[in-house]
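Using the numbering used here, read the sequence shown as starting at 680 and increasing by one per residue.
For glycine and all other residues, C-beta sits at the position ideal for the given N, C-alpha and C.
None of the values given here were measured: they were computed from a predicted structure.
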Amino acid sequence: MVDKRTVRDGYDALVDDYAAQRTDDSDDVEALASFLDDLPDGSRLLDAGCGQGIPVLASLDGVSGVGLDISHGQLARASENAPAAALAQGDMTRLPFADDAFDAVTALWSVIHVPEGDHRTVFEEFARVLRPGGRLLLVEGTDEWRGTNPDWLGGGAAMEWHIAGPEATREQLRAVGFEILVERTIGDSLEEDAAWTLFEADC
Ligand SMILES: C[S@@+](CC[C@H](N)C(=O)[O-])C[C@H]1O[C@@H](n2cnc3c(N)ncnc32)[C@H](O)[C@@H]1O
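Shown next as structure tokens:
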């Protein structure tokens, strides 16, 4: 079971280590650019698990961004990288936003740190804060896996994951009312040969 305090404390401790690894040339950045191109000017976007505001919040143009993250340390860096974005500290299982508040939600490599029993609740929250027809861009794992790394990124802090995998994620997204428009495998910038699943969906 993922311990959210370990995740929060780990991300607080690993701000520089994560920034050093998070390049802007990974597959998700290309997918994000095309996702953002489809949003009309004036749209409102929530980046759930925004980290340091890269790549999502810092690349918005004509779209107003709100970033939510459990880690104060990551948010402090996001305020430097994406000064125009509104930022909130919180847990994506209980989003502090009204129903239908957003046209789009992004969640890149963030739901993978939420305890497995809460994944469906997170997707219900995404559906609740999206207006009807709103869009979701999500990155999940390609294989189900639960695990801990006591010294993630060599930065001396522990990190935990629960990767539900594409089948469970697909089923849960559909169960809470999303229609999956795109599901494909992508790489990442942290690990050579890593494979992840990118979903685009609307509700
Ligand atoms: C791997 S980082 C991804 C950051 C950014 N989305 C990116 O693509 O680089 C995961 C982020 O999710 C945040 N996070 C993990 N669990 C969370 C939760 N329950 N609620 C909100 N944010 C969470 C972490 O603090 C961290 O900033």
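Going by the CB atoms, is the gap between T821 and T864 shorter than 8 Å? For the purposes of this step, residue 864 is taken as residue 185 along the sequence shown, with counting starting at 1. For the purposes of this step, residue 821 is taken as residue 142 along the sequence shown, with counting starting at 1. Yes.
CB of Q851 to nearest heavy atom of ligand 1: below 7 Å? Numbered from its first residue, the sequence shown carries residue 851 at position 172. No, ligand 1 has no heavy atom inside 7 Å of this Cβ.
Output the distance between the C-alpha atoms of L815 and V686, rounded to the nearest integer angstrom. The residue given as residue 815 occupies position 136 in the sequence shown. The residue given as residue 686 occupies position 7 in the sequence shown. Computed Cα separation, rounded: 23 Å.
Whole angstroms is fine: what's the gap from G812's alpha carbon to W824's? Within the sequence shown, residue 812 is the residue found at index 133, counting from 1. Within the sequence shown, residue 824 is the residue found at index 145, counting from 1. Taking the straight line from one Cα to the other gives about 31 Å.
Measuring straight from C-alpha to C-alpha, what distance separates S738 and R807? By one-based count along the sequence shown, residue 738 stands at place 59. By one-based count along the sequence shown, residue 807 stands at place 128. Each residue's alpha carbon lies about 25 Å from the other.
Check the DSSP bridge columns for A783 and list the partner residues they point to. On the sequence shown, residue 783 is found 104 positions in, with the first residue counted as 1. Paired residues: L724, R814.
Cβ atoms of L766 and A757: under 8 Å apart, would you say? The sequence position of residue 757 within the sequence shown is 78, counting from 1. The sequence position of residue 766 within the sequence shown is 87, counting from 1. Result yes, Cβ atoms of A757 and L766 sit closer than 8 Å.
Taking D872 as the reference, which of S705, Q768, A699 has the closest Cα? Along the sequence shown, read from residue 1 onward, the residue named residue 872 stands at position 193. Taking only the C-alpha atoms, the option nearest D872 is S705.
If we call anything under 8 Å between Cβ atoms a contact, is D707 one with V818? Residue 707 sits at position 28 when you count from the first residue of the sequence shown. Residue 818 sits at position 139 when you count from the first residue of the sequence shown. In contact: D707 and V818 (Cβ atoms closer than 8 Å).
Out of curiosity, what's the CA-to-CA distance linking G732 and W840? The sequence position of residue 732 within the sequence shown is 53, counting from 1. The sequence position of residue 840 within the sequence shown is 161, counting from 1. Rounded to whole angstroms, G732 to W840 spans 21 Å at the Cα level.
How many Å lie between Q768 and G746 at the Cα? In the sequence shown, the residue the question calls residue 768 occupies position 89. In the sequence shown, the residue the question calls residue 746 occupies position 67. Rounded to the nearest angstrom, the two C-alpha atoms are 8 Å apart.
Limits of the alpha helix (DSSP H) - the one that H841 falls within: Reading the sequence shown from its first residue, position 162 is the one you call residue 841. Per DSSP, H841 belongs to no alpha helix (DSSP H); it is in the beta strand (DSSP E), 838-842.
Residues in the same chain with beta-carbon distance under 6 Å from D797, minus the five sequence neighbours each way, listed in chain order, please. If you number the sequence shown from 1, residue 797 lands on position 118. Correct list, in chain order: T772.
Considering Cα atoms alone, identify which of G730, G844, P829 is closest to Q700. Looking up residue 700 in the sequence shown gives position 21. Ranking G730, G844, P829 by Cα distance to Q700 puts G730 first.
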